[in-house]
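Notes follow the structure.
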Amino acid sequence: MDLLLNPSVDAGETLDTANAPEPLEYVRFRHRKMAEGESFADNSGEHELCLVLLSGKATVRCGDQTFEAIGERMSVFEQVAPYAVYLPNDMDYSVVALTDVELGICGAPGQGNHPPRLIEPGHVKQSTRGEGANVRHVHDILPETEPADSLLVVEVYTPAGNWSSYPPHKHDEDNLPHESFLEESYYHRLNPSQGFGLQRIYTDDRLIDETMAFSDGSCVLVPRGYHPVGAPYGFDLYYLNVMAGPKREWKFTTDPDFAWLVK
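Per the numbering used here, the sequence shown runs over residues 920 to 1182.
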């Protein structure tokens, strides 16, 4: 399987997981670069969306609502929580860049059950997970405790030399309350940008077992399996996760070979 997508060097939409050789069924992620003064308009179609202002300041219009001049951070590595906008499916929306903007368009199947809303940084839960070389810092942008039909969105900062999504875990079986089936995408950024990170995707039966060296701006798709990530010494790692499946619950199973790390 080809699970690694590299960004286009062009301006505008640099990445769309729908263009993958084997797109995910539930998850779609797009990344767009916008110059100051540029505008972008679209319809959410069959997907509910979470528009994440990765960097820059913009005005977002959707339906009869306008969210003026939102966005504070100028780089994802400022490690402050982002502004985001939730949109239901089948809704027209537009974005006007007030500075240079990077926009993450996170999508999953929608049922029109929730109105559009602004997600402000103060409403984003921040936490630290792990210990030692497994520490990472988490911003829950759209967790399962907040209303949506199927979409889950989270961003994670992994310090240089550390591991993330570790110990390896999976969520590829519909076996609630023990485990849920959720596809996932990882949009990766590195600081400094010329480096690389590592991610392995593998299943118990090893029908999938791929280890990828990703670059700044790449996206890794996780249709199923365990999916640990490593940040090499000297390079801080940021990633934006989109998760979705038939049920909006995040329940995972740790690889039994690593279970001793969490006991």
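Backbone N, C-alpha and C define an ideal beta-carbon position, used for all residues, glycine too.
When C-beta atoms of the stretch 1099-1110 are compared with those of the stretch 933-953, three or more pairs fall below 8 Å, so the two segments count as touching.
A distance below 9 Å separates the beta carbons of residue 1002 and residue 1040. Here residue 1150 has 1077, 1079, 1081, 1116, 1156 as same chain residues with Cβ atoms under 6 Å from its own Cβ, once five neighbours each way along the sequence are excluded. For residue 1148, DSSP records a beta bridge to 1083, 1118. Per DSSP, reduced to three states, the secondary structure at residue 1160 is strand.
By the neighbour-count definition (other C-beta atoms within 10 Å, threshold 16), residue 1153 is an exposed residue. Contiguous beta strand (DSSP E) elements confined to the stretch 1042-1071 occur at 1044-1048, 1055-1061, taking only those with 3 or more residues. Less than 9 Å divides the Cβ of residue 1106 from the Cβ of residue 950. With fewer than 16 other beta carbons inside 10 angstroms of its own, residue 1126 counts as exposed. As DSSP reads the structure, residue 1088 sits in a beta bridge with 1173.
Residue pairing of residue 1101 in beta bridges, as defined by DSSP: absent, with no partner found. Residue 1138 sits away from residue 942, with the two beta carbons spaced by 9 Å or more.
Assignment of residue 1073 by DSSP, reduced to helix, strand and coil, places it in the strand class.
Taking 9 Å as the cut-off, the beta carbon of residue 1095 is found no closer than this to the beta carbon of residue 1024.
Residue 966 places its beta carbon 9 Å or farther from that of residue 1034. Residue 1128: member of the beta strand (DSSP E) spanning 1128-1133, first to last residue. Per DSSP, the unbroken beta strand (DSSP E) holding residue 1012 starts and ends at 1011-1016. For the pair residue 1071 and residue 1162, the CB atoms are nearer than the 9 Å cut-off.
The three-state secondary structure of residue 939, taken from DSSP, is coil.
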